[in-house]
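Participant: By the numbering used here, the letter at position 38 of the sequence shown is numbered 456, and the numbering carries on one by one without gaps.
This is the structure, below, for whatever I ask next.
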Amino acid sequence: MDHCRREYSRIDVSWPVSIFTSAGLIDGLIKNISIGGALINCKSLPDLDETFNLTIEIPHYFFPVTAKVKKVRLNIYDSEGSNESPSYDLAVRFMDMSEADNKVFHEAIDGAFRTERSTTPEKKEHKKRSNRIDNSLLMTVEKLSIASGRSFKELLEEALKDLIQKYEKSGSKDRSLQA
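Below, the structure written as C-alpha cells:
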C-alpha cells in the first residue's frame, strides 16, 4: 500500500496556469499543488504522451514560474445533458524547472502552507488579485525564449529593465522641463 502514498504533501490553491502546446495556449487553474506536482483543471488538453511546458501565476509574485511537466493521471468530467464541453483534472509531475524558478516556487509553496495553517476558512474567502499577463504576449515570449535559448524569466527581466530605463529617462526629461 506504500506505493499509493504521495511523496510530498499537497495544498489546495487557486493559481492560474498556462499550458503551452503546438496548437496554442491552454488556460487552467491549479486546484492543489506540491513540490513534486500539481492538479490542474482545464477545458482542453495538451498532447499527453509528451512532456509539456506550463507557466504558473503565483499570487504576490510578479513573474510566473515556468516548468516542464509530465502527465500522471487524467480525470474527465463530462457535462451530461448539457451543451458544455467536458472539463479535465490533469495531474502532472514536475520534471524540470530553472534554478531561479525553483527557488521562487519553493518559497511560494512554503508560504501557502504557512498561510493555510494560520488562516480560518472565513478568511480564505478574500478577493484574489491577479497580475495575469495577456496570453498572446506570453506565447510570443515563449517563442522568443525557445528561439534565443534564454529562459522566459530572463527575457521578461530584460524587458522590464528596458522599460524602467525608458521611464527613468522620460522622468528626468519631465523634471528638467519643470525646472
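No residue lacks a Cβ here, since even glycine has one placed at the ideal position from N, Cα and C.
This structure is a prediction, so every number in the text was calculated from the model and none was measured.
Express the C-alpha separation of Ile448 and Leu508 in angstroms, rounding to a whole number.
Facilitator: 9 Å
Participant: Within 10 angstroms of the Cβ of Gly446, are there 16 or more other Cβ atoms? Answer buried if so, exposed if not.
Facilitator: buried
Participant: Quick one: Cα of Pro434 to Cα of Ile564, how far?
Facilitator: 22 Å
Participant: Closest by CA to Lys561, which one among Arg428, Phe438 and Asp580?
Facilitator: It is Phe438 whose Cα lies nearest to the Cα of Lys561.
Participant: Pick out the complete beta strand (DSSP E) segments inside the region 448–487, 3 residues or longer, and give them in chain order.
Facilitator: 455–460 and 470–474
Participant: Met513 and Thr484: beta carbons closer than 8 Å?
Facilitator: no
Participant: How many whole angstroms separate the CB atoms of Leu556 and Ser436, which I take to be in contact at a CB cut-off of 8 Å?
Facilitator: 6 Å
Participant: Measuring CB to CB, does Lys488 end up less than 8 Å from Asn471?
Facilitator: no
Participant: Using C-beta distances below 8 Å, list every residue in its chain close to Lys584, excluding the 5 sequence neighbours before and after it, in chain order.
Facilitator: none
Participant: Can you tell me whether His544 is buried or exposed, with buried defined as 16 or more other CB within 10 angstroms of its CB?
Facilitator: Below a pLDDT of 50, predicted positions are generally treated as unreliable, and His544, at 44, falls in that range; the measurement from the model is reported next regardless. His544 should be labelled exposed.
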